[in-house]
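Everything in the sequence shown is counted per the UniProt record's numbering, starting at 1 for the first residue and increasing by one.
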Amino acid sequence: MPAARVDARGFSDDSGPRRNLPAERRREISDADLWASSVSLWETSASLWETSASLWDTSSALWAAAAGLNPRHQLASPSATRAAPPASAASSSSQNAPAARPPPAVVVPAPSSSAPASTLAASSSAVPSGPLQARPAAQLGSTTTGGLGLNAAAASLLGVSGSVAAAARTAPPALETYGRDMTAAAGKMDPVIGRDDDIDRVVCILCRRTKNSAMLVGAPGVGKTAIAEGLAQRIAAGAVPAALSGARVVEVDLGAMVAGTKLRGMFEERVKKVIQEAENADGKVVLFIDEVHMLLGAGANLLKPALARGRIRCVGATTFDEHRKYVEKDAAFERRFQKVHVQEPSLLATIAILQGLKKKFEKHHKTTIQDAAIVEAARLANRYITYRQFPDKAIDLIDEACATRRMKTDNILKSNSTQNSTEAFMEEAIVCPAQVAEVVSRWTGIPINTLAQDEKEKLMRLEDRLGERVVGQEVAVNLVAQAVLRSRAGLHQPGQPIGSFLFMGSTGVGKTELAKALADQLFDSEKMLIRFDMSEFVDAHSVLRLIGAPPSYLGHEDGGQLTEKVRQRPYSIILFDEIEKANPAVFNLFLQLLDDGVLTDGKGRTVDFKNTIIIMTSNLGAEYLMEAMAGEKSMDSARDLVIKQAQKHFKPEFLNRLSEIVIFEPLSQDKLREVANVQMKGITARLADRGIYLSVSDAALDVVLSESHEPLYGARPVRRWLQKNVMTRLSEMLFQGEIDADTTVIIDASEDKKELMYEVFKNAATCLDIPGMEILSDSDNDGGIWLNAPISRKMKGVSISSAGK
């Protein structure tokens, strides 16, 4: 049986419950327990205090090593300032404390010349009862370390190698850590062309005695950073005044300075170090800070005194929006810089810049760039990429064209044999205007053949092409084509839209169709038509939907419906349908749009409308035109009444800014026949894609017009009737297998002239077997066939005239 456990007071585990003892005895036992616990805590506190003292001395040595102090000076180590335990507390404790074990000895490292720095010699020493006294720095860096001094002693205290101590002794300056010497890299930079005036202005500012700092302000991509690179190249070449001779242009990386700043004040500390090093350089360091608005706040406050005294030279760069949003709000910071407006270079200047960069791109991509490709890149960028600035957009265009050509060349070299590789490389490694047009087409979605098409030829045939699609409105088509021609010739008011028109007339006469035809002919796709139903803008506040809500309003971040679409597609037709239903506040917005060709959205951005065509439609005065159609009055008098109606509803300043007011006349029966024929041509073209040929007789067109005629609604009833009857019947025949590829369908009228009849021939050659039938030439290339023949009895008496299709 194991022996019973006895505690320090003579009680064993089997002595019974303590509560059976007398009360006085229980109090003595409790006091003894508390006293023993107090002694144990005091011993633990003494041990922790000595450990803290050792760590504090180590920290002091490292601090002295990093500061690089001279050992001859006396150093008041931070360990000397640490507080010992309060004397009152120590004395009161010592009066009542029992004789306790002395505190554990503290192990102090004792480096020697024979042992490595990481060896710790075991030596004991009692901790002094009072505060530790300051020790000279020479004692911290004793010569017993083999002459290494303070840094080596600190390294020995930590048990690290001498390489770490050397790294601490040779820490890189802040300018090397957070900056890039642009002067040293001047020989590797791209040449700076066409910026001599801007660089001269910056050099002049830097040579001032006070406020010798410049602020480059310009749109993104105009070349602000290139000006700083040009300054570095001039300094490296010695082509600067004596005040800047031998100086360095150091680009400060604000992102690197912000990275890793976990504690408050770390970013400001890094900024302060950069400023101090720039001041100590005595004007031989020029700081270049791109996106300088990121410095606003505590960093700007640190920079202001140095800028005001002229002790540092600085070149900042920011955009107009950031300058207005951030820099202008801090007037004290803004006035310490001299503003330099960086303008976008012209088209000719951009071509010169591309010529200067040509050899750089050829060397990088291992291609040959034709001079015509450079001119084409500048021209197409100026025409189709209006939402970006020169020279950035043209440089990106050439760069991607070279990369695309190089990629295709590499693919050809891999696929071809070695014998043909050299010839393929010589043929394919050339960048010509076609490759540039391919990149623009990829960026904008405009077909390549359209980019290569001669614009002069397109404009000269504009009226004919519009007339083929919009029937019965020769006057309207002529007015629109002439206005566009004047604008493209450069004879219209500069800065205004290409054209602005008010289309007036009854419904279904072709107003919207002409707008779609214009988008297709000028900008190569009906998708370039931006349409707004103005019945949705009857309230005064609805104007904010067009340009965007101002700051602090709901929807501010979404932007305006009109401005955002034009920013994304600057070449487009803008259609405002039923403009007379809009609120008068909308017309005030149109005054600026029509006169200056620009709008400012809710975010303060200027949107350019100079490459757009503005079309507004209205039904005002349509009743006068219908009366003239019925013969109650002349068409000329009806036009005058429509103009007077417009003058009564719209303000004079609005009408005076329009290019043309175009009156659309109601469609006569003959014009509706032409509309029906155009609609049938569209159906014929869609069937031709399936290999199905369609022919419609004049008698069939008569049936279509008689069944769909509604003079009040214009041409829309004709289109609806064709969709409901002809297209539906053809769709049923397709699904039932009655017609398929290489099939001819002839549509004619029934004997009572009230219905349509469909005759199907399983292949086109069958038509040629019918006596007297022949297939004439397809002059309009729409896939349809013109039939000319008296039809035999086999076709149940159906006759097709020579004009049928």
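Cβ coordinates follow ideal geometry from the N, Cα and C atoms, glycine included.
Predicted model only: the values in this text are computed from it and were never measured.
Ordered along the chain, which non-local residues of its own chain (more than five positions away) have a Cβ less than 6 angstroms from that of V222?
V342, E344, Q389
Cutting at 6 angstroms between CB atoms, please list the residues of its own chain near F288, excluding the five before and the five after it.
Only residues of its own chain outside the window of five on either side were considered, and among them A228, V249, E251, V315 have a CB closer than 6 angstroms to the CB of F288, listed in chain order.
Taking the alpha carbon of D197 as the point to measure from, which residue in I398, T319, E438, G230 has its own alpha carbon closest?
Checking every option, the nearest Cα to that of D197 belongs to G230.
With a threshold of 16 other CB atoms inside 10 Å of the CB of E463, please say whether the residue is buried or exposed.
buried
What do you get for A373, buried or exposed, if any count of 16 or more other CB atoms within 10 angstroms of its CB means buried?
Counting Cβ neighbours within 10 Å, A373 comes out buried, since at least 16 surround it.
Tell me the DSSP secondary structure of F537 in three-state form.
coil
Exposed or buried, P433, counting other C-beta atoms within 10 Å across all chains shown (16 or more means buried)?
buried
Are L562 and I579 close, meaning C-beta to C-beta below 8 angstroms?
no
Beta-carbon separation of A622 and S506 under 8 angstroms?
yes
May I have the straight-line CA-CA distance separating R405 from T368, to the nearest angstrom?
10 angstroms
What are the start and end residues of each continuous beta strand (DSSP E) run of 3 or more residues lying completely inside the UniProt domain "AAA+ ATPase" (210–347), in chain order?
213–217, 248–252, 285–290, 313–318, 338–341
How would you label S731, buried or exposed, when you count the other beta carbons within 10 angstroms and need 16 or more for buried?
exposed
Where L546 falls: helix, strand or coil (DSSP):
helix
Taking the C-alpha atoms as reference points, what is the distance between S750 and K516?
For S750 and K516, the distance between alpha carbons rounds to 36 angstroms.
If you drop the 5 nearest sequence neighbours on each side, which residues of the same chain put their C-beta closer than 6 angstroms to that of V543?
Non-local beta-carbon contacts of V543 in its own chain, meaning distances under 6 angstroms to residues more than five positions away in sequence, involve A585, V586, L589 in chain order.
C-alpha gap between P220 and D321, whole angstroms:
C-alpha separation (whole angstroms): 10 angstroms.
CA-CA distance, A352 and T318?
25 angstroms
Helix, strand or coil at P85 according to DSSP, with G and I counted as helix:
With a pLDDT of 46 at P85, under the threshold of 50, the modelled position of that residue is not reliable, and the figure given next carries that caveat. DSSP places P85 in coil when its eight states are reduced to three.
For A306, which option in F337, N411, G555 has the closest C-alpha, if you only look at C-alpha atoms?
When only C-alpha atoms are compared, the closest one is F337.
Specify the secondary structure class of A582 as computed by DSSP and reduced to three states.
Shown here, A582 sits in coil according to DSSP, grouped into three states, outside any helix or strand.
Relative to the ligand HEM, is the shortest distance from any of its heavy atoms to the C-beta of D200 smaller than 7 angstroms?
Among the ligands in the structure shown, none appear at all, so the ligand HEM cannot be discussed.
Take every Cβ of the stretch 493–505, pair it with every Cβ of the stretch 609–622, and state whether three or more of those distances are shorter than 8 angstroms.
yes
Can you name, in chain order, every residue of its own chain whose Cβ lies under 6 angstroms from the Cβ of T261, other than the five neighbours on each side?
F267
Just confirm the distance between the C-beta atoms of K610 and Q496, as a whole number of angstroms; I'd bet it's less than 8 angstroms.
7 angstroms
M257 and V271 - do their beta-carbons sit closer together than 8 angstroms?
Yes, these two residues count as a Cβ contact at 8 angstroms.
Distance, Cα to Cα, L295 vs K304?
11 angstroms
Could you work out which residue in M534, L593, I746 is closest to K762 when comparing CA atoms only?
Checked all of M534, L593, I746; the closest Cα to K762 is I746.
D689, buried or exposed, once every other Cβ within 10 Å from all chains shown has been counted against 16:
exposed
Kindly confirm or deny that the stretch 346–363 and the stretch 519–537 touch, where touching means at least three C-beta pairs closer than 8 angstroms.
Segment contact: the stretch 346–363 against the stretch 519–537, fewer than three CB-CB distances shorter than 8 angstroms; contact not assigned.
In terms of residue numbering, what span does the alpha helix (DSSP H) encompassing A481 cover?
Per DSSP, A481 belongs to the alpha helix (DSSP H) from 474–488.
Here's the rule I'm using: 16 or more other beta-carbon atoms within 10 Å means buried, otherwise exposed. How should A110 be labelled?
Any answer about A110 is weak, because its pLDDT of 41 lies below 50 and its placement is not dependable; what the coordinates show is given next. Counting the other CB atoms within 10 Å of its CB gives A110 a total below 16, which places it among the exposed residues.
Assign E732 to one of three DSSP states: helix, strand, or coil.
Residue state, collapsed to three classes: helix.
Inter-residue spacing [alpha-carbon to alpha-carbon] between L206 and A214
7 angstroms
Rounding to the nearest angstrom, what Cα-Cα distance links R309 and I193 in this structure?
Rounded to the nearest angstrom, the two C-alpha atoms are 33 angstroms apart.
Count the other C-beta atoms from every protein chain shown that fall within 10 angstroms of the C-beta of V431, then say buried if there are 16 or more, exposed otherwise.
buried
Starting from A749, trace the beta strand (DSSP E) in both directions and tell me its first and last residue.
Where A749 is concerned, the enclosing beta strand (DSSP E) stretches over 743–749.
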